[in-house]
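The opening residue of the sequence shown carries number 8 in the numbering used here; numbering runs sequentially from there. Idealized CB from N, CA, C, for every residue including glycine. One structure is given below, encoded as structure tokens.
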Amino acid sequence: MTYRAPLIDMLLSLHHGAGLLAAAEAGHYNDYDADMTAAVIEEAGRFAADRLAPLNRVGDQTGVTLADGHVTTPPGWADAYRTWAEAGWNGISSPESFGGQGLPLAVHAICNEIWSAANISFGLCPLLTSGAIEALAAHGSEALRTRYLPHLVAGTWTGTMQLTEPQAGSDVGALRTRAEKQPDGSYRLFGSKIFITYGDHDMTENIVHLVLARLPGAPAGTRGITLFLVPKFLVNEDGSLGARNDIVASGIEHKLGMHASPTCTMSLGDHGGAVGYLIGEENKGMACMFTMMNQARLNVGIEGVGIADRAFQQALAYAQERKQGRAVGKGGEGSDPIIVHPDVKRNLLLMRSMTAAARTICYATAVAIDLSHGAVDEKVRAAAHARAALLTPLAKAFSTDIANEVAALGVQVHGGMGFIEETGAAQYVRDARILTIYEGTNGIQSIDLVMRKLGADKGAALRDLLDELSGIVAKVEASNDPAFGATGAVLREALGAVTRASEWLLEKIVSAPNDALAGATPYLRLLSTATGGCLLAREALAARDDDAFRDQAAGHVLLTRFFAENLAVQAQALERSVTGGADSINNADAALT
Ligand SMILES: Cc1cc2nc3c(=O)[nH]c(=O)nc-3n(C[C@H](O)[C@H](O)[C@H](O)COP(=O)(O)OP(=O)(O)OC[C@H]3O[C@@H](n4cnc5c(N)ncnc54)[C@H](O)[C@@H]3O)c2cc1C
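Here it is, written out as structure tokens:
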């Protein structure tokens, strides 16, 4: 089954759930052009359906191969990539000064969802390039930016991010790859990296590796890490490609999913040292990486939304066709499509509503990132920066957690056929599994949320968010619309649960950090559920007043109500897990012998 981008859902989520139109009307979103957004994502949807979705299966089945340091991507991959890059998709939100189109990141986020839904292994490559562009644009010297950015923005060269080593995963500060300064100001790098996505491939003539390494005598841990640009092929003064650099893919992993995305072991410096160029300052590499972390983590969350939506589309179509059993009370001969059965409906509604909630959280994060860079008013920029920082772990972890749940439900809706590879439902389960692990595991996201995002400003950014969400709930309550069912009351209770759990955590962060850490994961789920439910309600309310979405309004109210009455009702249980679960974890070592 092919993929159809849910354009109208995406626009409703972006314009109202994520608050883009309100920000634009307040003058914070320069020259925002809604018609342009609609046209861009429609075209992206067409490209994805025509060119990328048909390659998803062949990529899964064929995978990639490595011979003599060269990775070969599946049949059709390189051609599709070139067509995609030539159409200008790579640089749609990149600076116009480097050949990009300067569109909002929020529009780029929708396109990324589309590429991920159509073909997640394909879509991952440009996500890495985006990270490289961002780090280089923010921290690279003028010379490096001039030489490398136009190619990265055009997509004629791709980028990688190289942090991980066998002993340095979540603990990046443990990395050992070393760098030595040369008399000409460049560096030579020696070491080995593992799990490097698209570390080599045959889609472009050059690859720009961003590598974290350690200089002699550097402080231990993350304070002694430096970021380097290490090209696959060195670039001559005139911009032409020169000698092969001493960085090669020495192995590729055999994985549960994402078979078409090469995951490479990289060897640096086996033949005299890989030539690298400093990005930013020595020993400040982590700061450079943090610049791009919000966007990179958001992008992984977006991958989750994309694959969840694809799994939902396929499950819905299957449930409308597959006939088993009779609808209760119908009587007579024959059988009905399984979608008539309440349990199947429940599964489909879970899939759709969780995906919609994750989408609106991701788009809200993208809007906050846009505003944090582009709003004219400095106060708006600062508030947006804090909002983006707070929402980023939710965007990453909630969206990828639900992606796994949604993909698994998709298999369930298919029954036995879901377990058979031909239907494609199983591939989504396999492909989605990595999303909770890379770009900072979801456990690490929860810790980031509680210890840094909540702790750093003593809950100020959270209070700002809760005020906004409370305003949405007040509107649902004021609407007195029976179609919303218990939505207003449930969401009000959920916000209360968030407030109490947050206060408890803020105290424990100081007095008993292990107790706060033990509750981090349920807290992320609690905050995500409350936030997602309220933003869905905002969409539902706004759809009624906006001609562009009026046809969607009734369906969206139902979806919001389902989410509130079936998922947001879990808020109190999650609160109890946060505030009451620590002892049962921190004193349970005897249960883990
Ligand atoms: C397919 C794939 C692609 C990847 N692509 C890239 C890439 O392009 N570039 C790159 O640099 N890396 C990449 N990675 C690496 C990825 O980012 C790491 O696997 C990830 O950060 C986790 O590190 P780890 O595997 O060493 O797990 P570990 O750090 O060993 O973690 C194991 C478990 O312990 C938990 N844990 C660890 N430390 C803590 C802590 N302090 N508190 C609580 N829990 C903790 C984790 O949440 C996890 O559940 C990729 C990995 C894969 C599998």
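At a threshold of 6 Å, Met168 counts as near ligand 1, since its beta carbon sits closer than that to one of the ligand's heavy atoms.
In the DSSP assignment, no residue is bridged to Met296.
Here Arg251 is exposed. Its C-beta has fewer than 16 other C-beta atoms within 10 Å. Note on Leu543: 16 or more other CB atoms within 10 angstroms of its CB, so buried under the neighbour-count rule.
At a threshold of 6 Å, Tyr445 counts as near ligand 1, since its beta carbon sits closer than that to one of the ligand's heavy atoms. Non-local C-beta neighbours of Ala467 in its own chain, meaning closer than 8 Å and more than five positions away in sequence, comprise Ala393, ordered along the chain.
Of all alpha-carbon atoms in Asp191, Gly147, Ala225, Gly162, the one lying nearest the alpha-carbon of Leu217 is that of Gly147.
Lys386 counts as exposed, since fewer than 16 other C-beta atoms from the protein chains shown sit within 10 angstroms of its C-beta.
For Thr153, the enclosing alpha helix (DSSP H) begins and ends at 149–161. Under the criterion of beta carbons closer than 8 Å, Leu275 and Gly198 qualify as touching, at roughly 5 Å. With contact defined as three or more Cβ pairs closer than 8 Å, the stretch 577–595 and the stretch 526–545 are in contact. Between the stretch 392–410 and the stretch 540–556, the count of Cβ pairs shorter than 8 Å is below three; the stretches do not touch.
Rounded to whole angstroms, Gln320 and Ile99 show a C-alpha spacing of 27 Å. The beta carbons of Leu565 and Val483 sit about 14 Å from each other, so the pair does not count as a contact at 8 Å.
Exclusion of the five residues before and after Gly76 leaves Asp207, Val255, Ala256, Ser257 as the residues of its chain whose Cβ lies within less than 8 Å of its Cβ.
Straight through space, the alpha carbons of Asn449 and Leu599 are spaced by roughly 22 Å. With a threshold of 16 other beta carbon atoms within 10 Å, Pro81 meets it and is buried. Assignment of Glu187 by DSSP, reduced to helix, strand and coil, places it in the strand class. For the pair His278 and Met17, the Cα-to-Cα distance works out to about 50 Å.
Looking only at Met293, Glu93, Arg366, Leu581, the smallest Cα-Cα distance to Phe54 is reached by Glu93. According to DSSP, residue pairing for Trp164 in a beta bridge involves Asn213. In this structure, Val576 sits away from Val480, with a CB-CB distance that is not shorter than 7 Å.
By the 16-neighbour rule on beta-carbons within 10 angstroms, Lys465 is exposed. Annotation: Gly231 is outside any alpha helix (DSSP H) and is labelled neither H nor E by DSSP.
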